[in-house]
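Written out below as structure tokens is the structure these notes cover.
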Amino acid sequence: MNMSGREKLGLALIAVALIALPFVLALAGTAWVRITNFAVLFVLLSLGLNIVVGFAGLLDLGYVAFYAVGAYVYALLASPHFGLHLPFWVILPIGAAVACIAGVILGAPTLRLRGDYLAIVTLGFGEIVRIFMNNLSSPVNLTNGPKGINRIDSFRIGPVNFSGSDTIAGLVFSGPIKYYYFLMLVLLAVIVINRRLQDSRIGRAWVAIREDEVAAKASGINTRNIKLLAFAMGASFGGIAGGMFAAMQTFVSPESFVLNESIMILAMVVLGGMGNIWGVIAGAVLLSFVPELLRYTVEPAQMALFGKLLVDPEVLRMLVFGLALVFTMRFRPAGLWPETRHRREMNENRA
Amino acid sequence: MAETLLEARAIDKRFGGVQALKDVSLTIRSGEIYGLIGPNGAGKTTLFNVFTGLYPLDGGEVLFCGLPLNLESPHQVAAAGIARTFQNIRLFGNMTALENVMVGRHVRTRAGVFGAMLRTGAERAEEAAIRRRADELLHYVGIADRAGDLARHLSYGDQRRLEIARALATDPKLLALDEPAAGMNATETAALRGLIEGLRRDGLTVLLIEHDVKLVMGLCDRVAVLDYGEKIAEDVPESVRANTKVIEAYLGTSAH
Ligand SMILES: Nc1ncnc2c1ncn2[C@@H]1O[C@H](COP(=O)(O)OP(=O)(O)OP(=O)(O)O)[C@@H](O)[C@H]1O
Ligand SMILES: [Mg+2]
């Protein structure tokens, strides 16, 4: 794809802004860098779920299970729990692979299900995984149950440990800032992969299944395999995100992988615009940041205005969240930034 | 005499108490246009669905190119060389016309996830070939100017053409059209007729369900008539037209 000079300039500016961002955020407090990192993590998750829900049209309400699988794989292979301390670049691919297998295991029995039924089964799957994590502490202590796994290793590249700060050329690279850059690299790769998949033979097959499964079959698509592939690909992304989550938190427990998280990720995909990568990213960023912004502004604002706390930020958060979804569904059912196959194709034809 | 392309032997299909197809046998020869007519509810579409693996059959078998056709999985039927259109148009509405046809190439191409993620040379070459072929087919059916439009935004006649282009993209030996002229005006029907004649010239075998008797009689080499799930006639158009059973079947059922 050839870009015009304007587009190149725009991209360059965005790149510079993203590179400078963590240092700007750090001025407001390292917490904001952490918040941003979690937002990026959710962008990764949303992009993974987008393959299943947005492209292939398979409603998956248990996506957080793959995030959990990735996180636990990392936790078990890099913590004192088993005394294993593998490097992250070994574990992340293992986590992706294990999550991928979990995706196929979930996908296989659901291939004949559609819509509501599929949603219910995947929801159950998500819960099963969480319950497993909760209970696999005896007779063999695999997951340490509800207590979770502690003291997970941070990333380490040669002498650089992601848990501490390094000063390079007068700039302080705190742990979160290092994770930020790593996350950005992963995000870049995931976006490229997503775009390539979308414009590929497999990507078209996914969308065809979403649009009309019978016609897709009759057109020669092995719908069974192609759906499994969607589950597997989506799950792998979830697994990678989970691994990074474990390393960033240095602690995992089943509590982090509740149904609410699945719903949140799904909401990000739907709010932004199912099927459109940029829409999904926008949705994930929005739904990650707005609650945090509320948390940091609502309380001081109320204190200043009324001298006391009238509405709890947590309540407001759910309110805003619910309203946002209701209004999107009412006024922009295809999402804030819907899929634009149409325009894209037109441009490519002209080029 | 041309060789046999498809042979259906004693096909039975029931829906609960309804015997939709009863002991239907027919033979389609290579290169011909084979018409399938009958009153509403006679079982024509059901026969299509059986041939393309969408409905499991209750009895009988289908031979294609002399070999038993695996009807378990529709995609294998497509791979074997049978493509179809649907009576109630089934396009991928939110994909462009070009993409719809590109999907049809799926079964003749092989790039997988890794090829796509890495954009390997082979994958890129294949994508370019898919796009080229899809473009050709859009020209062939005469809607190249709509390539970038969403399928659901096309006019009814153009949607029917797009369905044909998508079916052709699978490189079929047999193209099965379920009432392609339904809902078309006279001009569109004439154009469709030209298109189907062109397909025959290019060596394709066509199985055609159609209510438009003039179209069927004018186009088809042979015609089979279904009535209440049974084949009551199979012959050249002139003889079918004169067949008393056929006349009876149609009497009062519609204004043909
Ligand atoms: N999926 C189905 N479930 C139950 N009954 C069906 C199904 N499909 C078809 N039938 C029944 O089978 C019979 C044949 O239907 P079919 O659609 O094959 O007729 P047709 O010849 O294509 O008619 P038309 O000219 O109206 O398209 C009808 O009685 C119909 O009600
Ligand atoms: Mg019919």
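Listed in order, the protein sequences are those of chains A and B.
Straight run, no breaks: the first sequence in numbering that gives the first Met the number 0 ends on number 350.
Straight run, no breaks: the second sequence in numbering that gives the first Met the number 0 ends on number 255.
Glycine included, each C-beta is placed from N, C-alpha and C at the ideal position.
Owing to the predicted nature of the structure, the values given are computational and were not obtained by experimental measurement.
- Spanning the alpha carbons of A:F172 and A:G94 requires a straight line of approximately 27 angstroms.
- In the three-state reduction of the DSSP assignment, B:L4 falls in the strand class.
- Proximity to A:S252 across A:A27, A:A16, A:W336, A:Y73 peaks at A:Y73, based on C-alpha coordinates.
- A:I13 and A:L20 have their C-alpha atoms roughly 10 angstroms apart.
- Taking C-alpha positions only, B:L90 is separated from A:I220 by approximately 14 angstroms.
- At least one heavy atom of ligand 1 sits closer than 6 angstroms to the Cβ of B:F14.
- One finds nothing in chain B with a Cβ atom closer than 8 angstroms to the Cβ of A:N36; even the nearest lies about 25 angstroms away.
- In this structure, ligand 1 has no non-hydrogen atom nearer than 6 angstroms to the beta-carbon of A:G238.
- Judged by their CB atoms, B:A77 and B:T169 are nearer to each other than the 7 angstroms cut-off.
- DSSP lists B:V222 as the beta-bridge partner residues of B:D234.
- Using a C-beta cut-off of 8 angstroms, the region 59 to 72 of chain A makes contact with the region 254 to 274 of chain A, since at least three inter-stretch Cβ pairs fall below that distance.
- Nearest C-alpha to A:D211 among B:G52, B:N99, B:A164: B:N99.
- Fewer than three beta-carbon pairs drawn from the region 268 to 279 of chain A and the region 94 to 109 of chain A are found closer than 8 angstroms, and the two stretches are therefore not classed as touching.
- Cβ-Cβ distances below 7 angstroms link B:G147 to T95, L97 in the same chain, with the five nearest sequence neighbours on each side left out; the list follows chain order.
- Note that the region 195 to 210 of chain B does not touch the region 231 to 242 of chain B; fewer than 3 beta-carbon pairs, one per stretch, sit closer than 8 angstroms.
- For A:K216, the CB contacts under 6 angstroms within the same chain, skipping 5 residues up- and downstream, are T222 in chain order.
- By the neighbour-count criterion, in which a residue is buried when 16 or more other Cβ atoms sit within 10 angstroms of its Cβ, B:V112 is buried.
- Ordered by chain, the residues meeting the criterion of a beta-carbon within less than 6 angstroms of a non-hydrogen atom of ligand 1 are B:F14, B:V17, B:A19, B:G37, B:N39, B:G40, B:A41, B:G42, B:K43, B:T44, B:T45, B:Q86.
- Taking 7 angstroms as the Cβ-Cβ cut-off, the region 182 to 199 of chain A approaches chain B at I192, R195, L196, S199, given in chain order.
- Under the 7 angstroms criterion on CB atoms, B:T44 is classed as non-interfacial with respect to chain A.
- In the assembly as shown, B:D226 is a buried residue. Its beta-carbon has 16 or more other beta-carbons within 10 Å.
- One Cα belongs to B:G193, the other to B:I142, and the distance between them is close to 14 angstroms.
- Among the bridge pairs identified by DSSP, A:V159 is matched with A:I156.
- Within chain B, the residues placing a beta-carbon under 8 angstroms from that of A:R203 are M94, E98, M101, V102, H105, ordered along the chain.
- Within the DSSP secondary-structure output, B:A175 pairs in a beta bridge with B:R83, B:L206.
- The straight-line gap separating the alpha-carbon atoms of B:E2 and B:S29 is approximately 6 angstroms.
- Between B:H74 and A:A204, the CB-CB gap reaches or exceeds 7 angstroms.
- Between A:V297 and A:L315, the C-beta spacing is below 7 angstroms.
- Within chain A, the residues D211, V213, A214 have their CB atoms less than 7 angstroms from the CB of B:R89, given in chain order.
- Not a single CB atom of chain A sits nearer than 7 angstroms to the CB of B:T119.
- The C-beta of B:M183 comes no closer than 7 angstroms to any C-beta of chain A.
- The C-beta of B:R159 comes no closer than 7 angstroms to any C-beta of chain A.
- In this structure, B:I10 places its C-beta atom within 7 angstroms of the C-beta atom of B:L56.
- In the DSSP assignment, B:P67 forms a beta bridge with B:L62.
- In the three-state DSSP reduction, B:A181 falls in the coil class, being neither helix nor strand.
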